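The structure appears right after this line, and notes come after that.
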Amino acid sequence: MNAFPRTEPPDPDWWRGAVIYQVYPRSFRDTTGDGVGDLAGVIEKLPYIASLGVDGLWLSPFFASPMKDFGYDVSDYRAVDPLFGTLADFDTLVARAHGLGLKLIIDQVWSHTSERHPWFLQSAASRENPRADWYVWADAKADGAPPNNWQASFGGPSWTWNPRRRQYYLHNFLEAQPDLNFWNPDVQDAILDVARFWLDRGVDGFRLDVVNFIFHDPALRDNPALRRVRPAALPTGFQRHLHDRSQPEALAFLARLRALLDSYDGRMAVGEIVDPSPLERQREYTAPPDRLHTAYSFYLLDARAATPALFAGALEAWAGAAGWPAWSLGNHDVPRFASRLARSGTRQEVKILLAALVCLRGTVFLYQGEELGLPQAHVPFEALR
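Under the numbering used here, think of the first position of the sequence shown as 49, with each following residue one higher.
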């Protein structure tokens, strides 16, 4: 394998069967000595990434952000956070990656923004301004309680009171991550404009964060309780999430996105699916012709044992399915698979697991360091950056 530019003609379906290397910038390569990785570090290591024989890389968030969720709380969709570099650095990264024959897809976090995003600041200012309905606002119940029983993924209610508007706003994650209101066509148009901005800068596609969270039940009905609850579950684990995610209206927006992507040559989108029925939802969100090109779920990522049944389940779920799956054993959301799944922790077992992964029908995502079989590291809290 080498890092010389590839000469194959462009393939619009390059993502089918591709292996894509995930780079989490802040922990990948630091070139300034501040303890945080940066775009210059990614550029420096592009020849190494190409030498692995992968087809492309997925770049995790590098956008302007208060960093309350390590960049998944975006305050400007079109700006690079100074922590990571500049827009010129990003343009250099695109050019260098393409020069090495690598595709580049970038994270897009459209379910929610930062509470410091100008859209939210304007929306929160009053009930009459032009962006008043760009986020999900609801009145309190008669006793002052939140509108319903929805629980946030990171713990606590999905609603936070805003004293200025005297309403609650929805957040499926941190209260610093208010949910955009995709029922508003203006929001959809604004998000598609963001997509155009990055497509015009040369990216080959997007990884869509929690894409099945973009719509909610407009009637704000309570989620029903689960009959069985896992030990030590957060409150969100007590509910069947029927009304706060995976709404059918999301598919119509994905059709709009697909039309935009198809208007460019060789562009794609992979969705992250977080759902109690992961394989079923993957199939739904990738059904041709006008949905996502591919999608991954937490079916493998949540696994705590690498059994034959686990991989057989992945194969059987997609037998005869029209869509195209994506798979990963690890990423920034879960402990490294060498510690989580490899019982012996030996290099041989890690190789076997990776071999099983690439034998699955679908697109494979490889998290940085997994090619080395890196185990989960313990980083003291005071050393976190």
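In this text, a Cβ means the ideal position worked out from N, Cα and C, and glycines have one as well. Bear in mind the structure is a predicted one, so any value in this text is a computation, not a measurement.
Query: Supposed close pair L358, L408 - CB separation, criterion 8 Å; Result: Between L408 and L358 the Cβ distance is about 11 Å, and since that is not below 8 Å, they are no contact.
Query: Own chain residues within Cβ distance below 8 Å of L299, not counting five before or after; Result: E332, Y333, R339
Query: E320, enclosing beta strand (DSSP E) - first and last residue; Result: 316-320
Query: Assigned secondary structure, L169 (DSSP; H/G/I helix, E/B strand, else coil); Result: helix
Query: Cβ separation of D103 and A112, assumed to be a contact under 8 Å, to the nearest whole Å; Result: With a Cβ gap of about 29 Å, D103 and A112 do not count as contacting.
Query: Beta bridge counterpart(s) of L107 as assigned by DSSP; Result: V71, I154
Query: Segment contact, 8 Å Cβ cut-off, at least three pairs: the region 222-238 with the region 126-137; Result: no
Query: Contacting residues, own chain, Cβ-Cβ under 6 Å from V435 (five flanking each side not counted); Result: Coverage of the chain is limited to positions 49 through 433, which leaves residue 435 absent and any answer about it impossible.
Query: Where the alpha helix (DSSP H) through Q330 begins and ends; Result: 326-334
Query: Euclidean distance between Cα positions of P337 and L432; Result: 44 Å
Query: Simplified DSSP assignment, three categories, for N260; Result: helix
Query: Burial state of I400 (16 or more Cβ within 10 Å); Result: exposed
Query: Touch test, the region 134-149 against the region 171-185, Cβ-Cβ under 8 Å, three pairs minimum; Result: no
Query: Span of the beta strand (DSSP E) around F413; Result: 411-415
Query: Inter-residue spacing [alpha-carbon to alpha-carbon] between E223 and P195; Result: 15 Å
Query: Straight-line Cα distance separating P272 from R249; Result: 44 Å
Query: Environment of L305 [buried if 16+ CB atoms lie within 10 Å]; Result: buried
Query: Close beta carbons around R54, own chain, < 6 Å, minus the five adjacent residues each side; Result: Unreliable placement is indicated for R54, whose pLDDT of 44 sits below 50; the coordinate value is still reported in the next sentence. Closer than 6 Å at Cβ, skipping near neighbours: G149.
Query: Residue-level contact to chain D via CB, Q424, 8 Å cutoff; Result: This model lacks chain D altogether, as it is built from one protein chain only.
Query: Those residues which DSSP pairs with A273 across a bridge; Result: Q287
Query: Same chain only: Cβ atoms within 8 Å of Q424, ignoring 5 sequence neighbours per side; Result: P383, R384, A386, S387, R388
Query: G417 to N210 span [Cα, whole Å]; Result: 42 Å
Query: Status (buried if at least 16 other CB within 10 Å, exposed otherwise) for R352; Result: exposed
Query: Residues near V258 by beta carbon distance below 7 Å, same chain, minus five either side; Result: S159, E320, V322
Query: Start-to-end residues for the beta strand (DSSP E) that takes in T79; Result: Note, T79: premise wrong, no beta strand (DSSP E); not H, not E.
Query: Inter-residue spacing [alpha-carbon to alpha-carbon] between T80 and H380; Result: 23 Å
Query: Which of helix, strand or coil DSSP assigns to V90; Result: helix
Query: Contact check, V406 vs V412, beta carbons under 8 Å; Result: yes
Query: Which of helix, strand or coil DSSP assigns to V251; Result: coil
Query: In DSSP terms, what Y344 is bridged to; Result: E320
Query: Proximity to D292 [Cα-Cα], best of D265, V242, S162; Result: D265
Query: L327 vs S345 beta-carbon contact at 8 Å; Result: yes
Query: Where H426 falls: helix, strand or coil (DSSP); Result: coil
Query: First and last residue of the uninterrupted alpha helix (DSSP H) at R306; Result: 298-310
Query: First and last residue of the uninterrupted alpha helix (DSSP H) at T208; Result: Unbroken run through T208 is the beta strand (DSSP E), 207-210; no alpha helix (DSSP H).
Query: Start and end residues, beta strand (DSSP E) containing L218; Result: 215-218
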